[in-house]
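Inspection log for the structure reproduced underneath, given as structure tokens.
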Amino acid sequence: MTDRRQDIVLGGVFAAIGISAAVIAAGYPGASGVYPMALGCVVAALGLLVLGRAVLSGPGKPRILIDHGPRVAITLGTAAAYLGLVPVLGFYLASALLVVLLPPALGFRRPVFVLVNAAVFVGIVWLVFSIVLEKPLPTPFWSAY
């Protein structure tokens with residue numbers, strides 16, 4: 000598959016996902032749909048940008064679809080584990096584990112940078128959702144007891 004065709008398909012997929020998310024979020028009651036709708040619009044716009052750039056570019060060059068299969072498999076497996084752990088460990092702990100464990104699994108070897116990055120990420124997410132938006136994220140199952 001050529002790079003041009005890949006970009007056209009990928010741009011179209013992201014545009015469709017973004018538009019769908021924006022339309023669904025527009026139906027949310029009150030102001031709860033504003034952020035997801037804006038995010039959907041941004042995703043759609045970026046998808047259309049990739050698609051448009053690919054359409055306007057010249058003939059495509061061959062490009063392999065997956066450059067490093069094992070890393071893709073590690074990332075997909077980690078994402079699946081993350082989705083399974085969010086209801087059990089809560090959003091913050093599961094996200095911190097993801098941000099700490101995925102980079103070394105993919106070959107990144109600077110542990111201090113990874114730990115600082117995880118702390119900053121979780122801190123910013125907590126600040127935005129719990130303080131600014133006042134929309135707490137899923138907590139661990141044991142906090143219900």
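In numbering that gives the first Met the number 0, the protein residues as written are 0 to 144.
All C-beta atoms in this analysis are idealised placements derived from N, C-alpha and C, irrespective of residue type, glycine included.
Since the structure is predicted, the reported quantities are computational estimates derived from the model, not experimental observations.
1) Report yes or no: do the region 48-59 and the region 99-107 share at least 3 C-beta pairs separated by less than 8 angstroms?
2) Classify residue 88 as buried or exposed, calling it buried when 16 or more other Cβ atoms lie within 10 Å of its own Cβ.
3) For residue 65, which residues of its own chain have a beta-carbon under 6 angstroms away from its beta-carbon, when the five flanking residues on both sides are left out?
4) Would residue 73 pass as a contact of residue 117 if the rule is Cβ separation under 8 angstroms?
5) Under 8 angstroms, do residue 39 and residue 24 count as touching if we go by C-beta distance?
6) Going by C-alpha distance, which of 6, 135, 106 is nearest residue 60?
In short, the structure shows the following:
1) no
2) Position 89 of the sequence shown holds residue 88. With 16 or more other Cβ atoms within 10 Å, it is buried.
3) Start at 1 with the first residue of the sequence shown, and residue 65 comes out as number 66. Answer for residue 65: 71, listed in chain order.
4) In the sequence shown, residue 73 corresponds to position 74, counting from 1. In the sequence shown, residue 117 corresponds to position 118, counting from 1. Cβ distance not < 8 angstroms, so residue 73 and residue 117 don't count as in contact.
5) Sequence index remark: in the sequence shown, residue 39 carries index 40 (1-based). Sequence index remark: in the sequence shown, residue 24 carries index 25 (1-based). Their beta carbons are under 8 angstroms apart, which means residue 39 touches residue 24 by this criterion.
6) Taking the first residue of the sequence shown as position 1, residue 60 is located at position 61. Residue 60 has its Cα closest to that of 6, out of 6, 135, 106.
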